[in-house]
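What follows is one structure encoded as C-alpha cells, with my remarks underneath.
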Amino acid sequence: MKRIADLCRNSNSSRFRRDLLILFVILLYWELLLYSQLHSSLRGFSFWNALFVLPIAFFLLSFEFCLANRPRYELFFNTVIIVIISFFYLADLIYYKTFGSLFSVAMLGTGTDAITSFWWSISSTLKENIFLIFCFEIPVLLMPVLVLYDDEKSGYSLLGRMLMLFSSFVLWNLIVLALPVTGKADYSAYGVYHSRYTDTDTASAKLGALPNFIIEAKSSLFGFSGKSETLTAAEDVKIEEKEEIIKEAVTYNEYSSLDFREIKKNSDNETVDTLCDYLVNVSPSNRNEYTGLFEGYDLIYICAESFSSLAIDEQITPTLYKLANNGIVLNNYYNSFKNVTTNGEYAFLTGLWPDVARKDTNNGVLTGTMGQSIDKDMSMALGNMFNRYEGIQSRGYHNYYGYYYGRNQTLPNMGFDCKFMDDGMSFTTAWPASDLEMMEQSVDDYINDDQYVAYYMTFSGHGNYTTNNIMVYRNYDTVNSMIDTFLPSSAIGYLSCNYELEKAMTYLLERLEEAGRLDRTVIVLTGDHYPYYLTDPAYEALKGEEKDEDFESYHSTCIIYNAGLKQKIEVDTPCCNVDILPTVLNLFAIPYDSRLYAGIDIFSDGFHAAQLYNRSFITDKVKYDYTTGRTQWLIDTQDYDEKLLESYLESAISTVKNRYAMSIEIEDSDFYDYVTANLKSVRTDSVSHNAVALDVE
Numbered sequence: 043m044k045r046i047a048d049l050c051r052n053s054n055s056s057r058f059r060r061d062l063l064i065l066f067v068i069l070l071y072w073e074l075l076l077y078s079q080l081h082s083s084l085r086g087f088s089f090w091n092a093l094f095v096l097p098i099a100f101f102l103l104s105f106e107f108c109l110a111n112r113p114r115y116e117l118f119f120n121t122v123i124i125v126i127i128s129f130f131y132l133a134d135l136i137y138y139k140t141f142g143s144l145f146s147v148a149m150l151g152t153g154t155d156a157i158t159s160f161w162w163s164i165s166s167t168l169k170e171n172i173f174l175i176f177c178f179e180i181p182v183l184l185m186p187v188l189v190l191y192d193d194e195k196s197g198y199s200l201l202g203r204m205l206m207l208f209s210s211f212v213l214w215n216l217i218v219l220a221l222p223v224t225g226k227a228d229y230s231a232y233g234v235y236h237s238r239y240t241d242t243d244t245a246s247a248k249l250g251a252l253p254n255f256i257i258e259a260k261s262s263l264f265g266f267s268g269k270s271e272t273l274t275a276a277e278d279v280k281i282e283e284k285e286e287i288i289k290e291a292v293t294y295n296e297y298s299s300l301d302f303r304e305i306k307k308n309s310d311n312e313t314v315d316t317l318c319d320y321l322v323n324v325s326p327s328n329r330n331e332y333t334g335l336f337e338g339y340d341l342i343y344i345c346a347e348s349f350s351s352l353a354i355d356e357q358i359t360p361t362l363y364k365l366a367n368n369g370i371v372l373n374n375y376y377n378s379f380k381n382v383t384t385n386g387e388y389a390f391l392t393g394l395w396p397d398v399a400r401k402d403t404n405n406g407v408l409t410g411t412m413g414q415s416i417d418k419d420m421s422m423a424l425g426n427m428f429n430r431y432e433g434i435q436s437r438g439y440h441n442y443y444g445y446y447y448g449r450n451q452t453l454p455n456m457g458f459d460c461k462f463m464d465d466g467m468s469f470t471t472a473w474p475a476s477d478l479e480m481m482e483q484s485v486d487d488y489i490n491d492d493q494y495v496a497y498y499m500t501f502s503g504h505g506n507y508t509t510n511n512i513m514v515y516r517n518y519d520t521v522n523s524m525i526d527t528f529l530p531s532s533a534i535g536y537l538s539c540n541y542e543l544e545k546a547m548t549y550l551l552e553r554l555e556e557a558g559r560l561d562r563t564v565i566v567l568t569g570d571h572y573p574y575y576l577t578d579p580a581y582e583a584l585k586g587e588e589k590d591e592d593f594e595s596y597h598s599t600c601i602i603y604n605a606g607l608k609q610k611i612e613v614d615t616p617c618c619n620v621d622i623l624p625t626v627l628n629l630f631a632i633p634y635d636s637r638l639y640a641g642i643d644i645f646s647d648g649f650h651a652a653q654l655y656n657r658s659f660i661t662d663k664v665k666y667d668y669t670t671g672r673t674q675w676l677i678d679t680q681d682y683d684e685k686l687l688e689s690y691l692e693s694a695i696s697t698v699k700n701r702y703a704m705s706i707e708i709e710d711s712d713f714y715d716y717v718t719a720n721l722k723s724v725r726t727d728s729v730s731h732n733a734v735a736l737d738v739e
C-alpha cells in the first residue's frame, strides 16, 4: 500500500492516506445513515457493508482533481464528486420514504417515470425529512474546509491514478472471495451477492446500498455472472409424522397436454432446456370439487391501488365489506408486494412472479417485468386465456394515462382492448383520478354482451393520505363523520381514498343488478401492494395491533365474490397474488397446463405457500424469513422427526425458489412462444381441464 501511495504522490503519502480515509468515512457515514432509516436501527449492519465501501473509495479517489496551487479548482471538482454520490443516497432515501423500498437499476426507466408523476407527493416527503436531508449533506458542506486547509498542493500522477483503479478492482474481488467466511446460506452475504434473484432491499441490507447498486448496474449492462441456482429440483414437499404420513404433494392421476421432453428435443436454447427439465417433473393440478363452479359466468377482475384489509369497514365501506365477507373468503391471503404497482399487477394477471432483482434490461424496451413483457408471448395471461377459450374480447380500463408504465402496450399484449385517461375516458382530476368516474364510463361497454371479462386497474387509493391528495380532500369529511373513535389523519385519509373505490363498487353492483347480470358475474378484487404510504401509527390504529414488518403487513384480502352463491366458501389455504389466476381458471373451467404457472389453484392438492416478493413464505406448517433464515414452526414439532422437519423445510425453500426462478426464466426466454412454436398437438380429455392454453397452428 505504501508503494501505491508513493507512486500516487509527487511528495509523500500523507495526503493519499488522508484522502482515502476521508472518502471511506464519508461513504460509510452515508451507508450507516441510510441503513438506520431503512431498519430503524443499526442492528444487522455487518462488516461486509463497510468492507465494500473501501474499493469504491479507491475508485473515487483515482478521479480526484488536484492541481498545484489551484485549491479553488480542486474544491469545485471534489465537491462535484461528493455531491453526485450524495445525490445517489438522497435519491434512495426519498424513494424509500415515498415508495417503501430502495431504487433499483432494473426500475430506472419506470422509477424515473414514477418520480416525475409523483412529484407532488415527493415534495411533501422532502419537506417532512428536511433535517434528515441536512444530515446527508453534511459531508458536502464540509468539503470547503477539507480542501482549503490542505497544505499539500501537488496532484496525483497518472500512474498513481491507474494504480488506484487497479487497487479498487483487486480489493473488490478479494472481498468477494472472502464472503464464504460467514457462510454460504441464501440469506448470507455470499448467498445474496451471488444470487440472480435477490431483491434490492435484501441485497442492500447485506452488502450496502451503493455496492449493490454497482452489482445491479453490472448485471444490467453485462449480464449476471453469478452462480446458477435455477430450477434445481422438482417439487416434492412432504412431511412425515412419527405415526403417519401427511402428504403435501399427492400422486397425480391426471395428465397434462404438454410433453416437455419432446419440446426439449427441438430446443437449441439452454434456458428452454432447463425449463423443460424442471417442468417435466412438476405434477399438474387435479380437478377438484370447485372445478367449473363459475363455468360460463362473466368476470370482473380488479387490481385496486393500495387496497388491503384495512380499507374494509362495515360502516364506512359497506359494499367492500359485503364483497369481502361473502363468496369465496380467503382467510390466509397475503399480498406479496411492498410497492411498485406493476409488480402486483403482473402477478395478478399472469400467475408468474415479476423480477424484483438483478434484471438484464433490453435496450429500447420498457424496464421492469411488466414492461419487458411487451415483446413476449403472453398466451397464459388472463385476457388471452378468456379470449381464446370463451371466444370473447376482454376489456381493460385504467384511470390514468396509458403510456404510464407502458400499459397501452403491455395490457393489449395480455389480451385486453383498453381505455385510459384521454384515450377513451376523461376525468375531473388527474392525480389521482376517480375510480367511480372510471366505472361510470366503462360499464356500458360490456354489460349487454353475451359474456364479458373486464379488467380494472384502479387509482383512487393512491397515497399519500393527506389533504393534498384530491381523493382525501373529496371524501375526508364524509368519512370522518362516520368514525366514532379517534384515528390519525393518515388513517382517515386512507379510508377516504378507498371510499372512492367503495362508491365505484356500489355503482357497479347497482348496474349489474339492474341488468340482471349480478348473479352470473364473478368479481375478483385485490390490491397491487400493501399501503406503504400509511404511517405506522395509522396502520396500527386501523389494524388494532402493532405493525409486524416481517409478514403481517402483507396479510390482506382477495375478494372472489358471486351473489349467486347460496353460502360463502371459507378457505384457510395460505395463498398470494400469483395463485389467483390459476384459481380463477379452475373455477371457470378454462383449459390450462398448471405447470406453466408459478401460482397454484387454491383448491387443488399440492404445495401451497403464501410467498412474499423476497422469497420469504408461510405454509400451514412453517413461517420462513428468507432475509434472516429465521424459521418459526406453526405445528408442534415434538410430533415430528427432526430430520423430516429439516427435509420439509429444505424442500419448501427449494420449491419457493424454483417457482420464482421459473417465472423469471419463462419471460426472459419467451418460453410460451417457444412452446407454441414447437407444439404439434393438444390433447384434451373430458376428465381433465388441464389442457394447454396455447394457440397451435
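Numbered by the working numbering, the letters in the sequence shown go through residues 43 to 739 in order. C-beta atoms are modelled at their ideal positions from N, C-alpha and C, and glycine is treated no differently. Since the model is a prediction, treat every value here as computed from it, not as a measurement.
Quick check: the Cα distance between residue i and residue j, rounded to an integer number of angstroms?
i: R86; j: A580; result: For the record, residue 86 in the displayed sequence is Gly; it is not Arg. Their backbone Cα atoms lie some 27 Å apart in a straight line.
i: D592; j: S378; result: 12 Å
i: D681; j: I660; result: 20 Å
i: I602; j: D491; result: 22 Å
i: S449; j: E170; result: The identity of residue 449 in the sequence shown is Arg, whereas the question assumes Ser. Distance between the alpha carbons of R449 and E170 is about 32 Å.
i: W72; j: S350; result: 34 Å
i: D241; j: N656; result: 6 Å
i: K461; j: E432; result: 22 Å
i: E296; j: P326; result: For E296, the pLDDT reaches just 40, beneath the cut-off of 50, and the residue's location in the model is therefore unreliable, although a value from the coordinates is still provided. Taking the straight line joining both Cα atoms gives about 8 Å.
i: I11; j: R57; result: Outside the shown range of the chain (43 to 739) lies residue 11, about which nothing can therefore be said.
i: L103; j: I127; result: 13 Å
i: G606; j: T599; result: 21 Å
i: D561; j: Y488; result: 16 Å
i: D228; j: A694; result: 14 Å
i: D683; j: V495; result: 49 Å
i: R303; j: A423; result: 24 Å
i: T384; j: T316; result: 27 Å
i: F100; j: W214; result: 10 Å
i: L691; j: L249; result: 26 Å
Rounded to the nearest angstrom, how far is the Cβ of residue i from that of residue j, given a contact under 8 Å?
i: V371; j: V613; result: 7 Å
i: Y442; j: N506; result: Their Cβ separation, rounded to whole angstroms, is 17 Å, which puts Y442 and N506 out of contact at 8 Å.
i: E347; j: F501; result: 5 Å
i: T615; j: H650; result: 5 Å
i: V182; j: I136; result: Not quite, the Cβ-Cβ distance comes to about 16 Å (not below 8 Å), so this is no contact.
i: Y439; j: S476; result: No, Y439 and S476 are not in contact; Cβ-Cβ is about 12 Å, not under 8 Å.
i: Y376; j: A640; result: That pair is no contact at about 15 Å.
Within 10 angstroms of the Cβ of residue i, are there 16 or more other Cβ atoms? Answer buried if so, exposed if not.
i: Y445; result: exposed
i: V147; result: buried
i: R672; result: exposed
i: K284; result: Residue placement at K284 cannot be trusted, given a pLDDT of 38 that sits under 50; what the coordinates show is reported in the next sentence. Classification of K284: exposed, given that the 10 Å Cβ count is below 16.
i: Q609; result: exposed
i: T527; result: exposed
i: P97; result: buried
i: A703; result: buried
i: T167; result: buried
i: Q674; result: exposed
i: D243; result: buried
i: P222; result: exposed
i: R437; result: buried
i: G225; result: exposed
i: L84; result: exposed
i: R637; result: buried
i: Q414; result: buried
i: S237; result: buried
i: T293; result: Note that T293 scores 29 on pLDDT, short of 50, meaning its location in the model is unreliable; the coordinates nonetheless yield the value given after this. So T293 counts as exposed.
Using only the heavy atoms of the ligand FAD, determine whether one of them is closer than 8 Å to the beta carbon of residue i.
i: Q609; result: The ligand content of the structure shown is nil, which means the ligand FAD is not present either.
Per DSSP, residue i forms a beta bridge with which residues?
i: L205; result: Per DSSP, none; premise fails for L205.
i: W675; result: V664
i: G569; result: A346
i: A245; result: For A245, which the question treats as bridged, DSSP gives no partner whatsoever.
i: A496; result: I342, R437
Chain D beta carbons: is any one of them nearer than 9 Å to that of residue i?
i: E347; result: This model lacks chain D altogether, as it is built from one protein chain only.
- Task: Could you name each continuous alpha helix (DSSP H) segment of 4 residues or more that falls completely within the stretch 501 to 534, going from the start of the chain to the end?
- Result: Listed in chain order, they are 512 to 523.
- Message: Threshold first: 3 residues or longer. Then list the beta strand (DSSP E) segments lying entirely within the stretch 599 to 676, N to C.
- Response: Inside the stretch 599 to 676, DSSP marks whole beta strand (DSSP E) runs of 3 or more residues at positions 601 to 603, 611 to 613, 664 to 667, 672 to 675, from first to last along the chain.
- Item | Every unbroken beta strand (DSSP E) within the stretch 343 to 398, with a cutoff of 3 residues, ordered by chain | The stretch 343 to 398 contains these whole beta strand (DSSP E) runs: 370 to 372.
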